[in-house]
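**Q**
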């Protein structure tokens with residue numbers, strides 16, 4: 004992965020597959036620490052699966068025996084002097100938290116969050132998202148439930164809508180100083 | 010700077026178009042499906058996906074849906090794009106990038122001619 008935003012996309016797809024109705028994505032830069040938190044209310048995991056979930060040879064799919072998403076995100080955090088944790092309760096949800104040293108030379112750039120959000124938004128799954136990006140206290144929030152209310156029945160998957168949402172996220176992240184993270 | 014409230018303009022403009030479209034059969038819809046598992050993402054599927062959305066939006070194409078799927082089991086050929094046009098066989102494009110994605114929309118979706126040079130059968 005070349006961008007943390009790609010890791011976020013990959014990890015969040017697990018939440019969608021877990022049947023989450025709400026996924027909260029927090030990206031918080033404070034001083035020299037970047038924290039990325041992805042929290043869902045999906046089906047969760049039992050302890051046995053949770054203990055081996057960072058192993059690349061663990062996956063829920065039945066066609067193949069490898070699952071690289073979580074291990075790659077963990078590696079990205081640890082090689083950037085950060086930490087990685089994953090907590091889950093069966094039937095309640097899962098929370099993935101990764102931290103990074105912002106000035107670490109091995110830290111992947113945050114990359115394009117807007118493209119990641121647009122990719123996530125453009126499907127018919129019933130998942131809602133709350134995105135929070137905070138850079139040294141300056142904050143931008145996006146709640147897809149508010150967005151859908153404004154859309155009044157027009158699908159969020161419409162390409163024109165998605166193109167608008169992408170521009171809106173890009174502008175707002177730039178405004179709070181998050182464009183160069 | 011844009012905010013959620015600004016979307017109303019787009020919404021109002023689209024509302025009339027949507028009603029017309031809803032009267033057409035679902036089976037008449039063209040689907041463009043991008044493989045978006047870990048393998049696809051790391052090979053560059055996200056820019057392909059976003060380019061496809063932009064092209065469809067820019068050309069104001071009706072009855073064309075861009076969507077994503079999981080891993081198809083051919084990770085080394087990612088990014089993979091499948092095109093389903095009603096009444097035609099499925100087309101599978103491999104090693105797609107943003108430029109190829111533009112050409113697929115222009116040649117295949119708009120003009121109906123398959124981009125033979127990107128097909129999986131070339132592999």
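Protein chains in written order, with my numbering: chain X, 4 to 184; chain W, 10 to 132.
Ideal Cβ positions, reconstructed from N, Cα and C, are used throughout, including at glycine.
Quick caveat: nothing in here was measured; it's all calculated off a predicted structure.
Roughly how many angstroms separate the alpha carbons of residue 147(X) and residue 129(X), rounded to a whole number?
**A** Looking up residue 147(X) in the first chain gives position 144. Looking up residue 129(X) in the first chain gives position 126. C-alpha separation (whole angstroms): 11 Å.
**Q** For residue 83(W), go through chain X and note every residue whose CB falls closer than 8 Å to its CB, in chain order.
**A** For this step, residue 83(W) is matched to residue 74 along the second chain. Those do not exist, as residue 83(W) stays about 11 Å from chain X at its closest Cβ, beyond 8 Å.
**Q** Would you list, in sequence order, the uninterrupted alpha helix (DSSP H) runs of no fewer than 4 residues that lie entirely inside the segment 102 to 132 of chain W?
**A** Counting whole runs of 4 or more residues, the segment 102 to 132 of chain W contains the alpha helix (DSSP H) stretches 107 to 112.
**Q** Below 8 Å on the Cβ atoms is my guess for residue 96(X) versus residue 42(X); work out the distance and round it to an integer in Å.
**A** Translated into the one-based positions of the first chain, residue 96(X) becomes position 93. Translated into the one-based positions of the first chain, residue 42(X) becomes position 39. Residue 96(X) to residue 42(X), Cβ: 7 Å. Contact.
**Q** Since residue 73(W) contacts residue 58(W) with CB under 8 Å, what's their CB separation in whole angstroms?
**A** Here residue 73(W) refers to the residue found at position 64 when the second chain is read from its first residue. Here residue 58(W) refers to the residue found at position 49 when the second chain is read from its first residue. Not quite, the Cβ-Cβ distance comes to about 14 Å (not below 8 Å), so this is no contact.
**Q** In its own chain, which residues sit with a C-beta less than 7 Å from the C-beta of residue 72(X), not counting the 5 before and 5 after it?
**A** What you label residue 72(X) is simply residue 69 of the first chain in a count that begins at 1. Once the five neighbours on either side are set aside, the close Cβ partners of residue 72(X) are 13, 14 and 17.
**Q** Against residue 126(X), what residues of chain W qualify as contacts under a CB-to-CB distance less than 8 Å, listed in chain order?
**A** On the first chain, position 123 is the one that residue 126(X) refers to. The answer, in chain order, is 76 and 77.
**Q** Would you mind telling me which residues of chain B sit closer than 9 Å to residue 23(X), beta carbon to beta carbon, in chain order?
**A** Of the protein chains in the structure, X and W, none is chain B.
**Q** The beta strand (DSSP E) with residue 90(X) in it runs from where to where?
**A** Residue mapping note: residue 90(X) aligns to position 87 of the first chain, counting from 1. Run containing residue 90(X): 87 to 92, per the beta strand (DSSP E) assignment.
**Q** For residue 159(X), which of helix, strand or coil comes out of DSSP?
**A** Taking the first residue of the first chain as 1, we reach residue 159(X) at position 156. Coil at residue 159(X), not helix or strand.
**Q** Which residues, in chain order, does the segment 155 to 169 of chain X contribute to contact with chain W at a C-beta distance below 9 Å?
**A** So the close ones are 155, 156, 157, 158, 160, 161, 162, 163, 164, 165, 166, 167, 168 and 169.
**Q** In angstroms, rounded to a whole number, what distance separates the CA positions of residue 39(W) and residue 172(X)?
**A** As a working note, residue 39(W) is residue 30 in the second chain. As a working note, residue 172(X) is residue 169 in the first chain. Computed Cα separation, rounded: 28 Å.
**Q** Is there at least one Cβ from chain W nearer than 8 Å to residue 153(X)'s Cβ?
**A** Sequence index remark: in the first chain, residue 153(X) carries index 150 (1-based). Cβ-Cβ to chain W under 8 Å: yes for residue 153(X).
**Q** Which first and last residues belong to the beta strand (DSSP E) in which residue 147(X) is found?
**A** Taking the first chain and counting its residues from 1, the one referred to as residue 147(X) is at position 144. No beta strand (DSSP E) contains residue 147(X), which is instead part of the alpha helix (DSSP H) from 147 to 154.
**Q** Using a Cβ-Cβ distance under 8 Å, would residue 72(X) count as near chain W?
**A** Sequence index remark: in the first chain, residue 72(X) carries index 69 (1-based). Yes, contact with chain W.
**Q** When the Cα atoms are used, what is the spatial distance from residue 121(W) to residue 20(W)?
**A** The residue given as residue 121(W) occupies position 112 in the second chain. The residue given as residue 20(W) occupies position 11 in the second chain. Approximately 30 Å between the Cα atoms of the pair.
**Q** Using CA atoms only, rank isn't needed, just tell me which of 28(X), 27(X), 93(X) and 115(X) is closest to residue 4(X).
**A** On the first chain, position 1 is the one that residue 4(X) refers to. Of the candidates 28(X), 27(X), 93(X) and 115(X), the one whose C-alpha sits nearest the C-alpha of residue 4(X) is 115(X).
**Q** Could you please give the first and the last residue of the uninterrupted beta strand (DSSP E) stretch that includes residue 39(X)?
**A** Within the first chain, the letter at position 36 stands for residue 39(X). Where residue 39(X) is concerned, the enclosing beta strand (DSSP E) stretches over 36 to 43.
**Q** Between residue 120(X) and chain W, is there a C-beta pair that is closer than 8 Å?
**A** In the first chain, counting from the first residue as 1, residue 120(X) sits at position 117. No, its Cβ sits nowhere closer than 8 Å to a Cβ of chain W.
**Q** Let me see if you follow: with CB-CB separation under 8 Å, is residue 78(X) close to chain W or not?
**A** Residue numbering aside, residue 78(X) sits at position 75 when the first chain is read from its first letter. So, not an interface residue.
**Q** Please classify residue 51(W) as buried or exposed, where buried requires at least 16 other C-beta atoms within 10 Å of its C-beta.
**A** Position 42 of the second chain, counted from the first residue, corresponds to residue 51(W). Counting Cβ neighbours within 10 Å, residue 51(W) comes out buried, since at least 16 surround it.
**Q** From 51(X), 63(X), 111(X) and 70(X), pick the residue whose C-alpha is nearest to that of residue 90(X); which is it?
**A** On the first chain, residue 90(X) is found 87 positions in, with the first residue counted as 1. That would be 51(X), whose Cα lies nearest to the Cα of residue 90(X).
**Q** Please name the residues in the segment 47 to 64 of chain X whose beta-carbon is closer than 7 Å to at least one beta-carbon of chain W, in chain order.
**A** The segment 47 to 64 of chain X vs chain W, Cβ under 7 Å: nothing.
**Q** Mind the definition here: the segment 62 to 73 of chain W touches the segment 98 to 105 of chain W only if three or more C-beta pairs lie below 8 Å; say whether that holds.
**A** Short answer: they don't touch.
**Q** In terms of residue numbering, what span does the beta strand (DSSP E) encompassing residue 25(X) cover?
**A** Here residue 25(X) corresponds to residue number 22 of the first chain, with the count starting at 1. Per DSSP, residue 25(X) belongs to the beta strand (DSSP E) from 25 to 33.
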